[in-house]
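Trainee: The opening residue of the sequence shown carries number 4 in this note's numbering; numbering runs sequentially from there. To start, I am sharing the structure in question, which I have written as structure tokens.
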Amino acid sequence: MRRTTPFLTVLAAALVLAAPAANAWGPRTQTAIVTTAAKLVSKAGNAPISKMDEHILAGVALPLSEITARHPEFATDPVSVIEQEMALLSAARRGRVDVYFAHRLGILGKMICAVTAPLAGAEVTWRNMYYADADNAIAGLRLKEFPRKEVDPKSYFVRLQGEMTLNSELIEKQYKDGVGFKDVAATTFPADASRSVAAVADVWWTVLTSRTVPGGVSEAQLQEYVLAAQDYLIQRGNLQELEAAVAAHRQLTPFTADMDARVGDMLLAAGYEDRAIAAYETVLAAAPDRKDVAKKVADYYVGKGNGLLQDGRLEDARDAFAAAAKANPLHPEAEAKRLEAEAQITARDGRQAAHRDALSRADELRAMAEQEAARSYYAEAISFLQQAEAAYQEVTDEFPSEAQQRTRGLRDVRDLLNQWKQSLKGSAPTYSGRGFTEDLNSAVQAGMKGLEQEALAEMADKAHAAEIERLTKEMQPQLAIP
């Protein structure tokens, strides 16, 4: 009977290993265990992983249910999953120990916590009460340090489970009896937690130092690791680290066109559109027949072109639509949109040319007005200025440079109009007196051929009214020029 006892103990441990608790150790205890393990491994000088606590703890915080979803066999054979993860991380270590590697160490630490916690086979009520009490007791607990050693996971964890389950039945019974986290639970907790620390540290140590980690790693597993690393870095917005990691990842495993396409999808989903398109274009360079990728590129450029079109950036929009048509010549919108942008560019250039022509005409008319004013022919000068003003007013606000020229031109023209109207008013007595009508007609015939008919009629009417007023009141005539 005594000969069968060790076998039964090992068998019981194996059964416990096959069913890790859904919440093995509480979150505070898990954090304390892996943080302490990171310090122990870093102290040995092989890898400063304690500087990557943030990423290790992000891995520990991953729900056990998500780990089980990624590794369904973890529910029935957790040690095999741990062994596979050790082999994968040992192979990935060839690239570099980066933040994602630290994140995966954290996940591995979470798995180890699940299989090394006491009461794994106890009723869920008592187990959860024990883990909650342990969480409250972990603060300030001094955890024992053990020398590091390489491990063979299968034999290592079976031995550990044998140790961890020695007092589990008694602890569970004391919880049922209302004793709670006292007596056996309290006295064994430091040793149990320290044993979990040692397990995490030993496994990490083996991953970081051993060249003979059990288990093989396929190219497909390395590719999935690299893609998961890319996704992790992209989701965290750590683009600097991403760029550094890409070079190492390409040394770890060759990137296939499908991998580049998946990275492009990750980048696009995270809003890094330019980087995503660069990844897609790498795919198309290697695999021009990837219509799914060509469609994504074309759709992106069409969307970008539409936005640029709304912003009035016509040349950029045209180039975006051209890029879309190049990526996917059969795209239903790309070529039509490119032609639309071209038509808008042509129409805009035509409007700009018309504005520049109007400015040129306005400048010429103003120069002619200044020539007439220099000879004191203010009526003719005013007429030319009014035409210049009309030409300036043909220019809209669409083109900033031309609009500025228009604004300056209108200001100068209107200043001159006010000046020359005063000058014209001062010269009005020349055309006053009893013979005003005859004098005015003579002046018109002599040299005022350029004065507009409307301006002449207005001047004559006002001068005539002034003459009537003079004759009526026998006062000095007053010339009223607007």
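Each residue gets a CB set at the ideal place from its N, CA and C atoms; glycine is no exception. All figures in this text were calculated on a predicted structure; none of them were measured in a lab.
Please classify residue 221 as buried or exposed, where buried requires at least 16 other C-beta atoms within 10 Å of its C-beta.
Mentor: Translated into the one-based positions of the sequence shown, residue 221 becomes position 218. Flag for residue 221 reads exposed.
Trainee: Residues in its own chain within less than 7 Å of residue 29 by CB, not counting five upstream and five downstream?
Mentor: By 1-based counting over the sequence shown, the position of residue 29 is 26. Here the set comprises 134, 135, 137, 138.
Trainee: When burial is assigned at 16 or more other CB atoms within 10 Å of the CB, is residue 417 buried or exposed?
Mentor: Locating residue 417 in the sequence shown gives position 414, where the first residue counts as 1. By the neighbour-count rule (16 or more Cβ atoms within 10 Å), residue 417 is not buried but exposed.
Trainee: If we cut at 8 Å on Cβ distances, does residue 128 have a partner in chain E?
Mentor: This model lacks chain E altogether; it includes just one protein chain.
Trainee: When burial is assigned at 16 or more other CB atoms within 10 Å of the CB, is residue 146 buried or exposed?
Mentor: Position 143 of the sequence shown, counted from the first residue, corresponds to residue 146. By the 10 Å Cβ count, residue 146 comes out buried.
Trainee: For a quick check, are the C-beta atoms of residue 112 and residue 182 less than 8 Å apart?
Mentor: For the purposes of this step, residue 112 is identified with residue 109 of the sequence shown, where counting begins at 1. For the purposes of this step, residue 182 is identified with residue 179 of the sequence shown, where counting begins at 1. It is not a contact, given that the beta carbons lie outside the stated cut-off.
Trainee: Throw me the rounded Cβ distance for the residue 255 and residue 229 pair, which I believe falls under 8 Å.
Mentor: Residue 255 sits at position 252 when you count from the first residue of the sequence shown. Residue 229 sits at position 226 when you count from the first residue of the sequence shown. That pair is a contact at about 6 Å.
Trainee: Taking Cβ positions, are residue 372 and residue 362 nearer each other than 8 Å?
Mentor: On the sequence shown, residue 372 is found 369 positions in, with the first residue counted as 1. On the sequence shown, residue 362 is found 359 positions in, with the first residue counted as 1. Taking 8 Å as the Cβ cut-off, residue 372 and residue 362 do not qualify as a contacting pair.
Trainee: Among 174, 41, 166, whose alpha-carbon lies nearest the alpha-carbon of residue 107?
Mentor: Reading the sequence shown from its first residue, position 104 is the one you call residue 107. Here the closest residue by C-alpha is 41.
Trainee: Only counting runs of 4 or more residues, tell me where the alpha helix (DSSP H) segments fall wholly within the segment 104-163, in order along the chain.
Mentor: Runs found: 127-140.
Trainee: Taking DSSP as the reference, what is the three-state secondary structure of residue 284?
Mentor: Reading the sequence shown from its first residue, position 281 is the one you call residue 284. Looking at residue 284 - three-state DSSP - the assignment turns out to be helix.
Trainee: May I have the straight-line CA-CA distance separating residue 99 from residue 251, to the nearest angstrom?
Mentor: Looking up residue 99 in the sequence shown gives position 96. Looking up residue 251 in the sequence shown gives position 248. Cα to Cα, residue 99 sits roughly 7 Å from residue 251.
Trainee: In whole angstroms, give me the CA-to-CA distance for residue 132 and residue 149.
Mentor: Taking the first residue of the sequence shown as 1, we reach residue 132 at position 129. Taking the first residue of the sequence shown as 1, we reach residue 149 at position 146. C-alpha separation (whole angstroms): 28 Å.
Trainee: Helix, strand or coil: how does DSSP classify residue 345 here?
Mentor: Walking along the sequence shown from the start, residue 345 turns up at place 342. The answer is helix: DSSP assigns residue 345 an H, G or I state.
Trainee: Rounding to the nearest angstrom, what Cα-Cα distance links residue 296 and residue 242 in this structure?
Mentor: Counting from 1 along the sequence shown, the entry for residue 296 is found at position 293. Counting from 1 along the sequence shown, the entry for residue 242 is found at position 239. In a straight line, the C-alpha of residue 296 is about 23 Å away from that of residue 242.
Trainee: Going by the beta-carbon positions, is the gap between residue 282 and residue 306 smaller than 8 Å?
Mentor: The sequence position of residue 282 within the sequence shown is 279, counting from 1. The sequence position of residue 306 within the sequence shown is 303, counting from 1. No, the Cβ-Cβ distance between residue 282 and residue 306 is not below 8 Å.
Trainee: What's the C-alpha gap between residue 34 and residue 263?
Mentor: Locating residue 34 in the sequence shown gives position 31, counting from the first residue. Locating residue 263 in the sequence shown gives position 260, counting from the first residue. If I take the Cα positions, the gap works out to 35 Å.
Trainee: Would you kindly work out how many angstroms separate the C-alpha atoms of residue 270 and residue 279, rounded to a whole number?
Mentor: Indexing the sequence shown from 1 puts residue 270 at position 267. Indexing the sequence shown from 1 puts residue 279 at position 276. About 5 Å.
Trainee: Check whether the segment 352-361 and the segment 322-339 are in contact - that is, three or more C-beta pairs closer than 8 Å.
Mentor: Because the criterion of three Cβ pairs below 8 Å is not met, the segment 352-361 and the segment 322-339 do not touch.
Trainee: Buried or exposed, going by whether 16 or more other CB atoms sit within 10 Å of the CB of residue 394?
Mentor: As a first step, residue 394 must be located in the sequence shown, where it is residue number 391. Under this definition residue 394 is a buried residue.
Trainee: Would the beta-carbon of residue 89 fall within 8 Å of that of residue 156?
Mentor: Locating residue 89 in the sequence shown gives position 86, where the first residue counts as 1. Locating residue 156 in the sequence shown gives position 153, where the first residue counts as 1. Their beta carbons are under 8 Å apart, which means residue 89 touches residue 156 by this criterion.
Trainee: In whole angstroms, what separates the C-alpha of residue 119 from that of residue 104?
Mentor: For this step, residue 119 is matched to residue 116 along the sequence shown. For this step, residue 104 is matched to residue 101 along the sequence shown. So the two alpha carbons sit approximately 22 Å from each other.
Trainee: Which stretch, first to last residue, makes up the alpha helix (DSSP H) that contains residue 270?
Mentor: Locating residue 270 in the sequence shown gives position 267, counting from the first residue. Run containing residue 270: 260-272, per the alpha helix (DSSP H) assignment.
Trainee: Excluding the 5 residues preceding and the 5 following residue 178 in the sequence, name in chain order all residues of the same chain whose CB lies nearer than 7 Å to its CB.
Mentor: Here residue 178 corresponds to residue number 175 of the sequence shown, with the count starting at 1. Cβ neighbours of residue 178 beyond the five flanking positions: 129, 132, 133.
Trainee: Return the chain-ordered ranges of every alpha helix (DSSP H) run that is complete within the segment 160-201 and spans a minimum of 4 residues.
Mentor: If we require 4 residues or more, the alpha helix (DSSP H) runs fully inside the segment 160-201 come out as 171-179.
Trainee: Would you tell me roughly how many angstroms separate the C-alpha atoms of residue 73 and residue 64, rounded to the nearest one?
Mentor: Taking the first residue of the sequence shown as 1, we reach residue 73 at position 70. Taking the first residue of the sequence shown as 1, we reach residue 64 at position 61. Distance between the alpha carbons of residue 73 and residue 64 is about 15 Å.
Trainee: Going by beta-carbon coordinates alone, are residue 211 and residue 96 separated by less than 8 Å?
Mentor: Residue numbering aside, residue 211 sits at position 208 when the sequence shown is read from its first letter. Residue numbering aside, residue 96 sits at position 93 when the sequence shown is read from its first letter. In contact: residue 211 and residue 96 (Cβ atoms closer than 8 Å).
Trainee: Quick one: is residue 246 buried, meaning 16 or more other Cβ sit within 10 Å of its Cβ, or exposed?
Mentor: Here the question's residue 246 lines up with position 243 in the sequence shown. Answer is exposed; the Cβ neighbour count stays below 16.
Trainee: Measuring CA to CA, which of 187, 141, 199, 172 is closest to residue 160?
Mentor: Translated into positions along the sequence shown, residue 160 becomes position 157. The shortest C-alpha separation from residue 160 is found at 199.
Trainee: Alpha carbon to alpha carbon, how far is residue 369 from residue 415?
Mentor: As a first step, residue 369 is located in the sequence shown; it is residue number 366 there, counting from the start. As a first step, residue 415 is located in the sequence shown; it is residue number 412 there, counting from the start. The alpha-carbon atoms of residue 369 and residue 415 are separated by roughly 10 Å.
Trainee: According to DSSP, is residue 75 part of a helix, a strand, or is it coil?
Mentor: As a first step, residue 75 is located in the sequence shown; it is residue number 72 there, counting from the start. Helix at residue 75.
Trainee: My output table needs one value for residue 334: the three-state DSSP class, helix, strand or coil.
Mentor: Residue mapping note: residue 334 aligns to position 331 of the sequence shown, counting from 1. The answer is coil: DSSP assigns residue 334 none of H, G, I, E or B.
Trainee: So, are the CB atoms of residue 175 and residue 126 less than 8 Å apart?
Mentor: The residue you call residue 175 lines up with position 172 of the sequence shown. The residue you call residue 126 lines up with position 123 of the sequence shown. For residue 175 and residue 126, yes; Cβs fall inside 8 Å.
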